[in-house]
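Each remark here refers to the structure printed beneath this line.
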Amino acid sequence: MDGIKHRKVAVNGINMHIAEKGEGPVVLFLHGFPELWYSWRHQILALSDRGYHCVAPDLRGYGQTDAPASIESYTSFHIVDDLVALIHSLQVEKVFLVGHDWGAIIAWYLCMLHPEMVKAYVCLSVPFLRRNPTVPTVDAMRALYGDNYYICRFQKPGEMEAEMAAAGTKYVLQNILTTRKPGPPILPPGEFVFNPDMKDTLPSWLTDEDLDYFVSNFERTGFTGSLNYYRNFNRNWELEAPYSGVKIKVPVRFITGELDMVYTSLGLKEYIHDGRFKEDVPNLEHIIIQTGVAHFNTMETPEDRVGKRRGKSPAEKLLSKQFLLSSREMEGIEHRSVEVNGINMHVAEKGQGPVVLFLHGFPELCILALSDRGYRCVAPDLRGFGDTDAPASVDSYNGFHVVGDLVALIQALQVEQVFLVGHDWGALIGWYLCMFRPELIKAYVCLSVPFLRRNPIVPTVDSMRALYGDDYYICRFQASSEAGKAEAEMAQVGAEYVVKNMITTRKTGPPIFPKGEYGTAFNPHMKQDLPSWLTQQDLAYFVSKFKKTGFTGGLNYYRNLNKNWELMAPWSGAKIKVPVKFITGELDMVYTSLGMKDYIESGGFKEDVPGLEEVITQPGVAHFNNQETPHDITNHIYNFITKF
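Residue numbers (full-length UniProt numbering): 1 to 644.
Right, dumping it as structure tokens:
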């Protein structure tokens with residue numbers, strides 16, 4: 001189904017089937033009864049396209065996951081242990097959690113027992129169930145609704161299985177999944193009826209193909225594994241005693257339908273709205289009641305109407321709000337889209353005070369720092385990158401287009417001047433901005449790429465080709481006869497390899513790309529393990545974005561180097577007058593190529609940039625110094641811009 005991958009993972013003594021798609025922060029989806037991973041198909045597809053690694057297991061006893069024979073093997077503690085092992089197997093420290101029905105209950109246990117593993121939790125249908133300190137769970141339900149309450153009827157092994165078999169698997173599943181009857185389900189013996197008004201035709205949100213998928217799986221496995229969850233309610237009550245009164249501390253959003261059988265039973269509607277739910281879950285941030293929606297809201301409203309109007313599902317809003325990346329530095333960053341120069345530009349920003357505008361390079365996205373030191377940090381994805389629009393025409397990526405975007409962005413920020421920080425291609429664009437609109441720039445901190453003096457006779461790419469040959473990476477990135485070649489080679493090795501190979505390179509000198517050997521020139525000694533300054537989640541974030549957009553937008557900057565040379569003719573010999581600080585690593589591929597080291601140190605750089613105040617060369621540091629030495633770079637920026 002649309003790229004969803006399936007595999008088995010050994011967890012806690014069983015083999016667990018998982019469905020997964022996407023790259024980025026992990027979202028772990030937990031299904032309910034009588035369901036499978038398949039209940040999350042809509043959310044998996046939607047969120048994986050938005051930069052998340054979506055993982056949906058069949059819980060133990062369901063679908064293609066093992067089903068232990070012993071009833072006692074289905075306590076919530078067993079299931080939580082399965083999930084802890086699964087999270088470890090994903091090689092992440094934390095996950096976003098989404099649970100429905102029994103999956104919601106299990107998720108509450110995971111939040112209670114291992115809060116350090118959960119970034120945020122989106123709970124559907126079943127709120128936190130406060131433990132009664134004196135009465136076991138099933139006993140309390142029996143006292144409230146009698147022996148025919150469905151959970152009480154599920155207790156005796158074999159009895160409900162026989163009634164389900166008599167009714168038929170398809171009838172059972174259709175009857176439960178399509179029910180819109182609020183209130184407690186009562187099942188007199190011999191009358192398996194969750195939905196007394198069941199119609200022959202399926203609702204629009206459940207196709208025959210969907211129902212057949214559930215039916216084929218439950219016909220193979222039966223219902224015993226799933227019923228055993230209910231048969232452990234009282235055992236869970238016993239095992240949970242040490243946690244009686246414990247609060248759930250993770251951030252939570254709760255979503256339920258107004259017709260949900262759980263919401264309209266057991267006094268839960270009152271519990272949710274009278275403050276007790278918030279008392280037990282102090283970080284409960286939102287409660288959403290979906291009008292006219294019943295219990296299986298994961299399938300009935302896969303794109304919630306409120307979320308759809310605003311462009312994001314309720315689940316994604318909480319995920320995006322809590323963590324776009326895992327690091328603490330990302331907390332509080334606001335994201336928005338700004339209309340600039342005929343495109344929509346994605347901007348990340350944080351802080352108050354003078355504006356610091358960060359311009360990223362290739363293959364990167366936005367970077368932020370300094371917001372805690374009294375500055376308003378603004379970092380766009382440049383055109384063609386990340387969540388900013390990517391015009392189709394190669395001609396739409398010359399330096400004038402990109403500077404035009406930034407001028408419009410500065411105007412949108414309603415400030416007269418900004419501090420400017422640029423790296424790699426962002427540094428090049430930064431020089432153009434300083435040249436064209438110096439009145440907009442208070443000071444410029446440039447990383448890696450110094451000002452490039454225009455050759456009055458030879459176009460930029462032509463001079464590079466003469467110096468290093470056709471296999472020099474910039475020549476290999478060009479259009480004309482090479483159009484699409486770089487993209488094809490990148491696709492062949494994969495986005496993760498490309499990004500990892502570039503960002504982790506420590507090879508000095510000009511990158512040379514023999515045809516068919518993509519990547520060896522950037523980092524011929526690439527290791528499997530990441531360096532300490534680049535986490536797996538950081539890499540996954542970059543990879544998820546480039547998997548979505550491809551590399552064409554970024555490559556089109558290189559394909560305009562000669563066009564920029566033509567357009568820059570009127571500025572030939574122009575000086576950069578704004579105050580500048582330049583920082584590079586001594587292993588930087590730019591610093592060690594094209595005669596740049598001599599140009600920087602012999603006075604040529606200072607001649608072209610009279611406002612150059614400092615040149616910093618970082619020992620042992622390579623090209624991506626903004627990521628390799630983030631604190632050092634932040635301090636250098638801060639110490640410079642505080643002078644103005």
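Beta carbons: idealized from backbone N, C-alpha and C, even for Gly.
Selection from the options that minimises the alpha carbon distance to residue i
| i | options | result |
| --- | --- | --- |
| Lys527 | Arg506, Ala540, Leu370, Lys278 | Arg506 |
| Leu239 | Glu613, Tyr74, Tyr145 | Tyr74 |
| Gly573 | Leu110, Met435, Leu129, Leu83 | Met435 |
| Trp533 | Leu187, His631, Lys269, Gly24 | His631 |
| Ser448 | His78, Glu628, Gln155, Thr178 | Glu628 |
| Met464 | Pro510, Val445, Val421 | Pro510 |
| Asn564 | His525, Val461, Lys249 | Val461 |
| Ile576 | Glu279, Val92, Ala443, Glu191 | Ala443 |
| Thr256 | Pro127, Val543, Arg7 | Pro127 |
| Ile333 | Pro189, Val580, Asp372, Trp431 | Asp372 |
| residue 685 | Lys643, Glu487, Ile18, Thr137 | Because the chain is modelled from 1 through 644, residue 685 falls outside the range shown and cannot be assessed. |
| Met261 | Ile106, Gly103, Lys181 | Lys181 |
| Asp395 | Asn12, Phe154, Leu561 | Leu561 |
| Ile512 | Ser337, Val11, Gly469, Trp205 | Gly469 |
| Gly603 | Ser593, Lys94, Phe451, Asp529 | Phe451 |
| Asp101 | Phe192, Thr291, Asn297 | Asn297 |
| Asn341 | Met299, Pro391, Arg476, Val378 | Pro391 |
| Tyr229 | Thr617, Ile79, Ile343 | Ile79 |
| Gly494 | Thr535, Ala540, Leu47, Arg476 | Ala540 |
| Ser76 | Pro115, Val193, Trp237 | Trp237 |
| His42 | Phe419, Gln536, Pro302 | Pro302 |
| Lys249 | Asn175, Leu129, Pro115, Arg130 | Pro115 |
| Asp82 | Ile71, Phe96, Ala107 | Ala107 |
| Lys5 | Leu467, Lys21, Asp389 | Lys21 |
| Thr221 | Gln174, Thr178, Pro34 | Pro34 |
| Val402 | Tyr558, Asn635, Val193 | Tyr558 |
| Ile583 | Pro188, Tyr397, Lys94, Glu614 | Glu614 |
| Ile641 | Gln417, Asp381, Phe254 | Gln417 |
| Thr207 | Tyr397, Leu177, Val193 | Leu177 |
Exposed unless 16 or more other CB atoms sit within 10 angstroms - verdict on residue i
| i | result |
| --- | --- |
| Tyr243 | exposed |
| Gln414 | exposed |
| residue 649 | The question about residue 649 has no answer, for the chain in this structure spans 1 to 644. |
| Trp40 | buried |
| Gly32 | buried |
| Phe644 | exposed |
| Glu159 | exposed |
| Pro157 | exposed |
| Gln91 | exposed |
| Leu227 | buried |
| Gln478 | buried |
| His360 | buried |
| Val118 | buried |
7 Å CB neighbourhood of residue i in its chain, flanking five on each side removed
| i | result |
| --- | --- |
| Lys548 | Asp49 |
| Ala69 | none |
| Ala140 | Asn132 |
| Lys308 | Note on Lys308: pLDDT 38, under 50, position unreliable in the model; no value is reported. |
| Asn626 | Ile367, His423, Leu447, Ile633 |
| Asp66 | Ile14, Asn15, Arg60 |
| Tyr638 | Leu370, Arg373 |
| Leu268 | Pro127, Val262 |
| Thr264 | Pro182, Gly183 |
Contacting residues, own chain, Cβ-Cβ under 6 Å from residue i (five flanking each side not counted)
| i | result |
| --- | --- |
| Lys606 | Leu612 |
| Arg328 | For Arg328, the predicted structure reports a pLDDT of 36, less than 50, and the residue's modelled location is therefore unreliable. A value from the coordinates is still provided. So the list is empty, once near-sequence residues are dropped. |
| Leu428 | Val449 |
| Leu284 | Val252, Lys278 |
| Pro426 | In the sequence under discussion, the amino acid at residue 426 is Gly, which differs from the Pro named in the question. Hits under 6 Å: Leu359, His360, Gly361. |
Nearest-angstrom beta carbon gap, residue j and residue i [assumed within contact, 8 Å]
| i | j | result |
| --- | --- | --- |
| Arg383 | Gly553 | 7 Å |
| Leu110 | Val9 | The pair is not a contact, with the Cβ atoms about 17 Å apart (cut-off 8 Å). |
| Asp405 | Phe362 | Contact doesn't hold; Cβ gap of about 16 Å is too wide. |
| Arg376 | Val355 | 5 Å |
| Lys170 | Gly386 | So it is not a contact: roughly 46 Å between Cβ atoms. |
| Ser125 | His286 | Going by Cβ atoms, the distance from Ser125 to His286 rounds to 15 Å, so no, they are not a contact pair. |
| Arg454 | Met568 | 6 Å |
| Met164 | Phe223 | 5 Å |
| Phe419 | Leu357 | 7 Å |
| Ile105 | Tyr149 | Contact doesn't hold; Cβ gap of about 17 Å is too wide. |
Chain-order list of residues whose beta-carbon lies under 8 Å from that of residue i (same chain, five-residue window excluded)
| i | result |
| --- | --- |
| His623 | Asp424, Ser448, Thr505, Gly585, Leu587, Asp588, Met589, Val590 |
| Leu36 | Asp58, Tyr62, Gly63, Tyr213, Phe214, Asn217 |
beta-carbon residue i near the ligand ZN non-hydrogen atom, thresh 6 Å
| i | result |
| --- | --- |
| Glu607 | Ligands are entirely absent from the displayed structure, and the ligand ZN is therefore not among its contents. |
query: With contact counted as at least three CB pairs below 8 Å, one residue from each stretch, are the segment 49-59 and the segment 23-41 in contact?
result: Contact between the segment 49-59 and the segment 23-41 is present, because at least three Cβ pairs lie under 8 Å.
query: Touching or not, the segment 196-208 and the segment 143-157, by the rule of three or more beta carbon pairs under 8 Å?
result: Taking 8 Å as the limit for Cβ pairs, the verdict is that the segment 143-157 does not touch the segment 196-208.
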